[in-house]
Amino acid sequence: MNQNRDEPCSQQSGQNSDTSEFAQQGDNSASQGSQPRALTSNRWHRRETAKKETKATIMVSCLNINGFSSAGAGDGIHNSKWGHVNQLLRTSRTGILIISEAHLTERCCDELEKLFARRMKISFTANLDNPTGKGGIAIVVNKQLTNWHNIQTREVVPGHAMLLKTKWHDNKDLIILGIYAPNVSSNDSSESADFFTTLHDFFIENPEWRPDYMGGDLNFVEDAIDRIPMCPDNEEVRSAFDKLKELLGLRDGWRNTFPDKLDYTYCCSCNIRDPSTDGVATRIFQSRIDRIYVTDKLLDQARQWKIQPVGIAGVDHDMVSVQIAHEEDPAIGKGRWACPDFILKDEKLALKIKELGIKTQEEIARIKNTGRSTMSNPQKAYHRFITEAMDMTKERERTIKCMAHKKESDLNKAISNMSKDLEMDELTRSRKLADLKKELRSIKQEEHLNTRRLIAAKDRLEGETVSKYYFQTNKESKPRDVMRAIMIPEHTPQMPQANTPTENLNPQDDSEIPLMPQPKYEKLSPKMAEMMKEYHGKTLQNDGIDVDKEERETMITQTLSNLANAPTEENKVKFTLKTKRDEVLKPLWLSKNDSAPGINGATNKFFKVLNDRHVEDERKGIPSFDIVGVLTEVFNDIEEHGVDESTNFNEGWMCLIYKKGDRNLMSNYCPITLLNSEYKLFTKALSIKL
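If you read the sequence shown in numbering that gives the first Met the number 0, its first letter stands for residue 0, the second for the next number, and so on.
What follows is the structure, encoded as structure tokens:
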């Protein structure tokens, strides 16, 4: 019973909240190596094809969730493990997740897709005899990260194997095989061997469905090193699997990356008779039965092979994941840093910033008394303050995050060291590893539950209210645009002149037909950024923005002289007065907390928190740092003396927004500038004065 669910559960003309499509042209770079044979008009007006803009990297994971619901959790969708799976997709940034022992039915799948419509696209195959109690494979596509339109699925073995084909990066096919193999026992291994033989025969008959990626719970290991205590698995099963693996050209990526490492994805215990004591002893068995296989081509592009617990109650397997990068993946940096909200509550950081601010406050007061100079002025003093304050914030953020994950990091190191200690007795090592894994899983589970509690509390406070949170939860979440290449301007093909003589051309001789110049593309991100900066800088100059200062003043005077309404003398006097503290405080409180900051990373909330602490310290009668007072002095200094160029006060971060047309042309991007929060406060203060 193949559950192929190609239609979105919430039809909105293909524009789900997280999967907007972009119209873009075909791969221009692919045509560089070939020369056009004839100059025809339709070559200049090629039809654009609609493509989903997906990321050039994709995280693919596999996890055995051990059933639909946890023991004692109750029945129904809201009590199932799938709410935790939804959170796992978000926190781990997984693009495609293969789930074993899904225990899904058609009705449950429909309800899940409606409940998690913003993120999940689910395809599944269920066990024919017992769909809710045995086996089952589900492949979940994260709509926010991966192309989910027009995916194709094919069931191979009901409840045990299914294929999914999707488009990935420049419309290339990516075929994934999800597996939940039958159990192998010491008494019976025929079912598992027959299962892999069935897969082998299927791909011989259907070579177009041969996968690039295979993952899931295979319920056996290829090598004894992947079990503790070490022991080989059934030869018949391994032989059948080797034939399948050879046919598909797949390799165990984790073992290929870590040839000597010992790690396991499943742990179980059983009671056996101890001959030495004639009693019952509990033995721990661990194995790496959850594995990922990829083709040689994908193996070269694969990175971040991981085995890690997920923190979902009732899940007794670890998740195996890998990130696959496209061979033409552009270099993408860390992005623009912004001061996080949680760090503003840290008392140690608050004390350091207060001490630094008081010194800056005293320095500005001293400058007012002794006189201003180009080397010593309020602007320079504030620039030093904000630079050091943001450096302190970044350092403290790193420290807090390291402290939060220190115990987890220590446990991972202990597990790694324990696995390497081959001198230790296997039974003892297995027991100690199981204890460490149990502790690590407990930490992950607590983190997972804490995240859920925070989300639930926020939803209880702001859900179903007129708030940004409420609108964002129902808002279309568009993926990030990635510039893959930019056409170099001097190599842009130009249309031939309309009066080009063609009547004397010999149509049988290709050498007489004029050839179009071939475009060249830049694919390195730093060079693309410089090209965009230079292009838009020249555009502003050509549009008359960058003109001579004297000419600009003359034009302003002429324009003002034509105005019928002139300011009164009283208003003129008001305009000459210095900016007051209240005129800075008011726009600060009117500003949005979550507005994007500029290059320095200081947010509006950062300044609001500093002002709140100043008010509280004044109430207590202790020394305080008045950030609003400092900004007032800086703004007045700028009004009187202009911006000090060394402070980069008016420097902005240029962001490019795609408009329409060919994505490789610089002219098809509109630049916007993210300015520092202080600059925006300054302009708002001037507006209030006006």
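For glycine and all other residues, C-beta sits at the position ideal for the given N, C-alpha and C.
Taking DSSP as the reference, what is the three-state secondary structure of glutamate 463? For the purposes of this step, residue 463 is identified with residue 464 of the sequence shown, where counting begins at 1. It is coil, neither helix nor strand.
Please name the residue in Gly252, Ile227 and Val236 whose C-alpha comes closest to that of cysteine 267. Reading the sequence shown from its first residue, position 268 is the one you call residue 267. Of Gly252, Ile227 and Val236, the residue nearest in Cα terms is Ile227.
From what residue to what residue does the beta strand (DSSP E) around asparagine 635 run? Position 636 of the sequence shown, counted from the start, is the residue given in the question as residue 635. Here asparagine 635 belongs to no beta strand (DSSP E); instead the alpha helix (DSSP H) covers 626-640.
Pairwise C-alpha distance: methionine 482 and isoleucine 136: In the sequence shown, counting from the first residue as 1, residue 136 sits at position 137. In the sequence shown, counting from the first residue as 1, residue 482 sits at position 483. So the two alpha carbons sit approximately 36 Å from each other.
Determine, using beta carbons only, whether valine 627 and arginine 580 come nearer to each other than 7 Å. On the sequence shown, residue 627 is found 628 positions in, with the first residue counted as 1. On the sequence shown, residue 580 is found 581 positions in, with the first residue counted as 1. Yes, they are a contact pair.
By DSSP, does lysine 296 sit in helix, in strand, or in coil? Within the sequence shown, residue 296 is the residue found at index 297, counting from 1. In this structure, lysine 296 counts as helix in the three-state DSSP scheme.
Restricting to Cα atoms, I'd like to know which of Ile291, Leu439 and Met391 is closest to tyrosine 690. Residue 690 cannot be examined here, being either before or after the span of the chain that is shown, 0 to 689.
So which of Met486, Thr196, Tyr678 and Ile323 has the shortest CA-CA distance to lysine 526? Numbered from its first residue, the sequence shown carries residue 526 at position 527. If we check each option's Cα against that of lysine 526, Met486 comes out closest.
Have a look at threonine 48 and glutamate 105 and give me their C-alpha separation to the nearest angstrom. The residue you call residue 48 lines up with position 49 of the sequence shown. The residue you call residue 105 lines up with position 106 of the sequence shown. Low confidence applies here, because threonine 48 scores a pLDDT of 31, under 50, leaving its location unreliable; read the following figure in that light. The alpha-carbon atoms of threonine 48 and glutamate 105 are separated by roughly 34 Å.
With DSSP as the reference, identify every bridge partner of tryptophan 167, one or two as the case may be. Here the question's residue 167 lines up with position 168 in the sequence shown. Residue pairing by DSSP puts tryptophan 167 in a beta bridge opposite Lys171.
Does DSSP put threonine 369 in a helix, in a strand, or in coil? For this step, residue 369 is matched to residue 370 along the sequence shown. It is helical.
At a cut of 8 Å, does the region 229-248 reach the region 304-318 through at least three beta carbon pairs? no
Would you say the region 184-199 touches the region 221-240, given that touching needs at least three Cβ pairs under 8 Å? yes
Grouping DSSP H, G and I as helix and E and B as strand, with all else coil, what is tyrosine 657? Along the sequence shown, read from residue 1 onward, the residue named residue 657 stands at position 658. It is a strand residue.
Does the beta-carbon distance from leucine 435 to alanine 413 come in below 7 Å? As a working note, residue 435 is residue 436 in the sequence shown. As a working note, residue 413 is residue 414 in the sequence shown. Yes.
Report back the beta-carbon spacing between glycine 177 and glycine 214 to the nearest angstrom; my notes put them in contact at under 8 Å. As a first step, residue 177 must be located in the sequence shown, where it is residue number 178. As a first step, residue 214 must be located in the sequence shown, where it is residue number 215. Going by Cβ atoms, the distance from glycine 177 to glycine 214 rounds to 7 Å, so yes, they are a contact pair.
Helix, strand or coil for phenylalanine 648? Go by DSSP, reduced to three states. Here residue 648 refers to the residue found at position 649 when the sequence shown is read from its first residue. Coil, per DSSP.
Buried or exposed (CB count within 10 angstroms, at least 16 for buried), threonine 53: Counting from 1 along the sequence shown, the entry for residue 53 is found at position 54. Since pLDDT at threonine 53 reaches only 45, below the 50 mark, its modelled position is unreliable, and the value read off the structure follows with that caveat. Buried: at least 16 other Cβ atoms inside 10 Å.
Do the CB positions of valine 140 and tryptophan 147 come within less than 7 Å of each other? The count along the sequence shown starts at 1 and reaches residue 140 at position 141. The count along the sequence shown starts at 1 and reaches residue 147 at position 148. Their beta carbons are under 7 Å apart, which means valine 140 touches tryptophan 147 by this criterion.
Can you tell me whether tryptophan 43 is buried or exposed? The criterion is at least 16 other CB atoms within 10 Å of its CB, across all chains shown. Position 44 of the sequence shown holds residue 43. For tryptophan 43, the predicted structure reports a pLDDT of 30, less than 50, and the residue's modelled location is therefore unreliable. A value from the coordinates is still provided. Counting the other CB atoms within 10 Å of its CB gives tryptophan 43 a total below 16, which places it among the exposed residues.
Please indicate yes or no: does the CB of alanine 160 lie closer than 6 Å to some heavy atom of the ligand MG? Absence of the ligand MG is noted for the structure shown, with no ligands found whatsoever.
Span separating the alpha-carbon of lysine 658 from that of tryptophan 652: Taking the first residue of the sequence shown as position 1, residue 658 is located at position 659. Taking the first residue of the sequence shown as position 1, residue 652 is located at position 653. Roughly 19 Å separates the two Cα atoms.
I believe valine 633 touches glutamine 378 by the beta-carbon criterion, under 8 Å. Please report the beta-carbon distance rounded to the nearest angstrom. Against the sequence shown, residue 633 aligns to sequence position 634. Against the sequence shown, residue 378 aligns to sequence position 379. About 6 Å; that satisfies the 8 Å criterion.
What are the uninterrupted segments assigned as alpha helix (DSSP H) that are 4 or more residues long and contained completely in the region 402-474, given in chain order? Considered as a whole, the region 402-474 harbours 405-419, 425-461 and 467-472 as its complete alpha helix (DSSP H) runs of no fewer than 4 residues, in chain order.
According to the neighbour-count rule (16 or more other Cβ atoms, all chains shown, within 10 Å of its Cβ), is asparagine 270 buried or exposed? For the purposes of this step, residue 270 is identified with residue 271 of the sequence shown, where counting begins at 1. Asparagine 270 should be labelled exposed.
Does proline 130 come out as helix, strand or coil in the three-state DSSP assignment? For this step, residue 130 is matched to residue 131 along the sequence shown. Three-state DSSP puts proline 130 in coil, outside helix and strand.
Checking 7 Å against the spacing of the C-beta atoms, do proline 231 and alanine 223 come in under that value? Position 232 of the sequence shown, counted from the first residue, corresponds to residue 231. Position 224 of the sequence shown, counted from the first residue, corresponds to residue 223. Yes, these two residues count as a Cβ contact at 7 Å.
Could you check what DSSP says for arginine 483 in three-state terms: helix, strand or coil? Within the sequence shown, numbered from 1, the residue matching residue 483 stands at position 484. In the structure shown, arginine 483 sits in coil (DSSP, three-state: anything other than H, G, I, E or B).
Determine the closest residue to tryptophan 336 out of Asn675, Glu362, Glu638 and Gly600, with distance taken between C-alpha atoms. If you number the sequence shown from 1, residue 336 lands on position 337. Closest option to tryptophan 336, Cα to Cα, is Gly600.
Are there 16 or more other CB atoms within 10 angstroms of the CB of arginine 118, so buried, or fewer, so exposed? Here the question's residue 118 lines up with position 119 in the sequence shown. Arginine 118 is buried by the Cβ-count criterion.
Return the chain-ordered list of same chain residues with a C-beta closer than 7 Å to the C-beta of tyrosine 381, the five sequence neighbours on each side being excluded. Residue 381 sits at position 382 when you count from the first residue of the sequence shown. The answer, listed in chain order, is Thr359, Val629 and Val633.
How many angstroms separate the CA atom of threonine 701 from the CA atom of lysine 548? Shown here, the chain extends from 0 to 689; a query on residue 701 therefore has no answer.
Determine, using beta-carbon pairs with one atom in the region 596-613 and one in the region 344-360, whether at least three such pairs fall under 8 Å. yes
For the beta strand (DSSP E) that glycine 214 lies in, which residues bound it at each end? Here residue 214 is taken as the residue at index 215 of the sequence shown, counted from 1. Note, glycine 214: beta strand (DSSP E), 212-216.
Spell out whether any CB of chain D is found under 7 Å from the CB atom of arginine 365. Within the model displayed, chain D is absent; a lone protein chain is all it includes.
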